[in-house]
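What follows is a set of notes on a single structure, which appears directly below.
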Amino acid sequence: MELVNTYNVERQRLIQTTDRHTPLAPGEYIVIVHALILNTNGEILIQQRANDKSLWANLWDISCSGAPIAGETSAEGIAREIKEELGWSIDFDHIRPILTANFDHGFSDYYVYQLDKSLSIADIQYNTQEIQAINWVTMPEILALIEQDKFVPYKPSFLQAILACAEDFTEINPT
Numbered sequence: 001m002e003l004v005n006t007y008n009v010e011r012q013r014l015i016q017t018t019d020r021h022t023p024l025a026p027g028e029y030i031v032i033v034h035a036l037i038l039n040t041n042g043e044i045l046i047q048q049r050a051n052d053k054s055l056w057a058n059l060w061d062i063s064c065s066g067a068p069i070a071g072e073t074s075a076e077g078i079a080r081e082i083k084e085e086l087g088w089s090i091d092f093d094h095i096r097p098i099l100t101a102n103f104d105h106g107f108s109d110y111y112v113y114q115l116d117k118s119l120s121i122a123d124i125q126y127n128t129q130e131i132q133a134i135n136w137v138t139m140p141e142i143l144a145l146i147e148q149d150k151f152v153p154y155k156p157s158f159l160q161a162i163l164a165c166a167e168d169f170t171e172i173n174p175t
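Residues in the sequence shown are numbered from 1 upward in steps of one, following UniProt numbering.
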């Protein structure tokens, strides 16, 4: 059982927690976290999901996804998921999601993390119980995988919007 926080429609945390895979009561929502990890060449790390996953088994997916466990924030959840799946310790305490999308049962926070060095696939020690393979690819390669039904069924424009937000984001300082 994987306990997660529950939230109301305004994303205010509720007192009760629930099992991630249990149907939610009306008015209850959960948070899911996702990360797109980019290398210095502008390529995106993707993972092929394990063949025993209940959703989208064997399909390629963005770098990392999961749900914060009960008591975790979104940032703590994505940091833990990256540690569990890719073995990397990344501090997300001061990194906000680049985009949050609503879905029927919750909120999906999308983080973009830019590595400061280039890593080969051979240098990445990933969790083989959750991931079959990993690869560095370009956005056009992801779009081709989506077209071939080999990638989790994201809308191409949505993934492109996430990267566009990350590229165009600049902090505005009031004067």
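Positions of the beta carbon are idealized from the N, C-alpha and C atoms, including for glycine. Since the structure is predicted, the reported quantities are computational estimates derived from the model, not experimental observations.
Where W56 and R49 are concerned, what is the direct C-alpha to C-alpha distance, given to the nearest angstrom?
-> 7 Å
Could you pull the start and end residues of the beta strand (DSSP E) that I30 belongs to?
-> 30-38
Would you tell me roughly how many angstroms separate the C-alpha atoms of A166 and A35, rounded to the nearest one?
-> 12 Å
State the start and end residues of the unbroken alpha helix (DSSP H) segment that holds R80.
-> 74-86
Could you tell me if I54 is buried or exposed, where buried requires 16 or more neighbouring beta carbons within 10 angstroms of its beta carbon?
-> According to the sequence as given, residue 54 is Ser; it is not Ile. So S54 ends up on the exposed side.
Count the other CB atoms, across all protein chains shown, that sit within 10 Å of the CB of F92; report buried if there are 16 or more and exposed otherwise.
-> buried
Whole-angstrom distance between I62 and F151, CA atom to CA atom = 9 Å
What does a CB cutoff of less than 8 Å around M139 pick up in its chain, not counting 5 residues either side in sequence?
-> I44, L159, Q160, L163
Distance CB(A67)-CB(V31) smaller than 8 Å = yes
Identify, in the order they occur along the chain, each residue of the same chain with its Cβ nearer than 8 Å to the Cβ of T17, setting aside the five sequence neighbours on each side.
-> L3, V4, N5, T6, A70
Pair within 8 Å by beta-carbon distance, P156 and L143 = yes
Do H94 and Y29 have their CB atoms nearer than 8 Å?
-> no
Going by beta carbon distance, what residues of the same chain come within less than 8 Å of I121, once the five residues before and after it are set aside?
-> I134, N135, W136
Taking the alpha-carbon positions, what's the P23 to Y113 distance?
-> 32 Å
Using three-state DSSP, classify D93 as helix, strand or coil.
-> coil
According to DSSP, is A133 helix, strand or coil?
-> strand
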